[in-house]
Amino acid sequence: MLSTWARPLSYQLAGNRHHCRYLPRMIYTTHALYRNPSNQPDVMGALLRFLLATVFVASAVLSQNDLQEEFPPGWTEKCIGCMCEASSGCNQTLECIEQNEVKYCGVFLLSDIYWQDAGTPVLQGDNPMRIGAFERCVRDPYCAARAVNQYIQRYAKDCNRDGVLSCDDYVRLHYFGEASCERPISSLPYYRIFRSCIMS
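If you count the sequence shown from 1, position 136 lands on 119 in the numbering used here, and the numbers rise without skipping.
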């Protein structure tokens, strides 16, 4: 049986509805969802880690071929994997949930606006203008990881204000969005799960 949701922070920014697009997502709070309670081989988890690594390597090759900037410091396979773990426990059966009239979908709990800001990646043969392209992409771990990768590369910034770009900045960026990533995060279950993962 799955746990209840963690209660999200309740805040509105400047009364502007568009700023609410990055309200903190609801995430699971028990280990039952993102750990393997039977201690059996985690086949799905291994598959997802493979997909994440594939996305990372493929993106690196594309970046080199297109003479784009290198990945920001600290943006690694482990970083994106722990971001997935913190977002949903990398639960590939999770589809979409709604919070404050915003839909979050897939293993990274991505919103439509996040996906748009990431450049609207789509499944092979799909079109970002087709109805449902967002959901089809972000429910697919490979496409969702591409969206996160592109978002982080586009908006990487020093969210924790320590003078260094690192995975800690990107996990904040992913959760709050570029405009609000400097908000306090240390007390949130999402961040505690991330820290446990990244330190393991």
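Every residue, glycine too, gets a C-beta built ideally from N, C-alpha and C. The structure displayed is predicted, hence computed values, not measured ones.
Residue i, DSSP secondary structure in three states
i	result
L156	helix
S94	strand
Q82	strand
C73	coil
C126	helix
C164	coil
C180	helix
C88	strand
K61	helix
F54	coil
R144	coil
N110	coil
P172	helix
A116	helix
V105	coil
Alpha-carbon spacing of residue i relative to residue j, whole angstroms
i	j	result
M182	G160	23 Å
R175	R155	12 Å
D123	T103	14 Å
T76	G89	8 Å
C164	C73	22 Å
Y153	Q82	22 Å
Y173	A69	5 Å
D151	P111	30 Å
I168	E60	22 Å
W58	S71	19 Å
N(-1)	C62	Because the pLDDT of N(-1) is 31, which lies under 50, any placement of that residue in the model is unreliable, and the number read from its coordinates should be weighed accordingly. Cα to Cα, the separation comes out at about 32 Å.
R137	A101	7 Å
C142	A116	30 Å
A139	N132	10 Å
E118	Q99	12 Å
F177	F54	20 Å
E84	H157	19 Å
Residue i and residue j closer than 8 Å at C-beta
i	j	result
Y134	Y87	no
C79	C180	no
C126	V147	no
Per-residue burial, residue i [other beta carbons within 10 Å of its own, 16 or more giving buried]
i	result
S94	buried
C145	For clarity, residue 145 is Asp in the given sequence; the question names Cys instead. It counts as exposed.
R129	buried
I114	exposed
A162	exposed
G108	exposed
Cβ distance (whole Å) where residue i is taken to contact residue j below 8 Å
i	j	result
F91	C67	6 Å
S170	P56	In fact, because the Cβ distance is near 26 Å, the residues do not count as touching under 8 Å.
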